[in-house]
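According to full-length UniProt numbering, the sequence shown holds residues 1 to 195 in order.
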Amino acid sequence: MIDEQTARERVVSAADRLFYARGVQAVGMDAVRSESGVSLKRIYALFPSKEDLIVAVLRHRTDRWNAGVTDAVDGAGTPRERLLAVFDFLAGWFREDDFRGCAFINVFGELGGGSDRIAEAVREQKESFRRQVADLVRAAGGPGHLAPQLVLLAEGAQTAAAISRDPDMAGHARAAADTLIRCALDDAGEPAAAA
Numbered sequence: 001m002i003d004e005q006t007a008r009e010r011v012v013s014a015a016d017r018l019f020y021a022r023g024v025q026a027v028g029m030d031a032v033r034s035e036s037g038v039s040l041k042r043i044y045a046l047f048p049s050k051e052d053l054i055v056a057v058l059r060h061r062t063d064r065w066n067a068g069v070t071d072a073v074d075g076a077g078t079p080r081e082r083l084l085a086v087f088d089f090l091a092g093w094f095r096e097d098d099f100r101g102c103a104f105i106n107v108f109g110e111l112g113g114g115s116d117r118i119a120e121a122v123r124e125q126k127e128s129f130r131r132q133v134a135d136l137v138r139a140a141g142g143p144g145h146l147a148p149q150l151v152l153l154a155e156g157a158q159t160a161a162a163i164s165r166d167p168d169m170a171g172h173a174r175a176a177a178d179t180l181i182r183c184a185l186d187d188a189g190e191p192a193a194a195a
């Protein structure tokens, strides 16, 4: 018998794959059982309701998102490149075979109005991303208004790429972000050569 932590991880990973591919409402707990190899009794001991499982999946996705953005940013050099690395991260993600858009937006669209806990988990992820970008903007010496602009570009690119099935949306958003960053940093007094 597998330990509790391993069972939990298997259930969350299985549910994440299924929810992302098919949608939350289309996936029953039997499908999660089959995909995870964990009995229904054990699943319900770990997650007393489907809502509990959905919240756990969203928190798991938040951790994955934060790690992906951090890895991309850490691999960049200048503060401007670090800001643009967010869009490079999106470009790689948009080209993955299983890309279906933002899982948080998808879940919110399905269930956000019916569950305060799910809506709050989605809002927490969006706020976490906004803080990441705001920290990058501050480190680059940019004005506070730049962060929400870049976040809107990133969020919009995710939605546009999912709907259009065009992974180049990340590149378009990156080009727009580069323009915004250049204008904002140049207005803040950054020398043009630092680009």
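Note that the Cβ used here is the ideal one computed from N, Cα and C, for glycine as well.
{"Item": "Counted within 10 angstroms of its Cβ, other Cβ atoms place residue 40 as buried (16 or more) or exposed", "Value": "exposed"}
{"Item": "Enclosing alpha helix (DSSP H) for residue 154 [first to last residue]", "Value": "146-164"}
{"Item": "Three-way DSSP call (helix, strand, coil) for residue 13 in this model", "Value": "helix"}
{"Item": "Nearest-angstrom Cβ-Cβ length linking residue 122 and residue 107, presumed shorter than 8 angstroms", "Value": "6 angstroms"}
{"Item": "Neighbourhood of residue 195 by C-beta distance below 7 angstroms, restricted to the same chain and skipping five residues each side", "Value": "Below a pLDDT of 50, predicted positions are generally treated as unreliable, and residue 195, at 41, falls in that range; no measurement from the model is reported."}
{"Item": "Inter-residue Cα distance where the pair is residue 4 and residue 137", "Value": "41 angstroms"}
{"Item": "Reduced DSSP category for residue 5 - H, G, I as helix; E, B as strand; rest coil", "Value": "helix"}
{"Item": "Distance CB(residue 75)-CB(residue 91) smaller than 8 angstroms", "Value": "no"}
{"Item": "Buried/exposed call for residue 192, threshold 16 Cβ in 10 Å", "Value": "Residue placement at residue 192 is flagged as unreliable, the pLDDT there being 43, under the threshold of 50; the coordinate-derived value follows with that caveat. Exposed."}
{"Item": "Euclidean distance between Cα positions of residue 24 and residue 110", "Value": "7 angstroms"}
{"Item": "Three or more C-beta pairs below 8 angstroms linking the region 153-161 and the region 88-105", "Value": "yes"}
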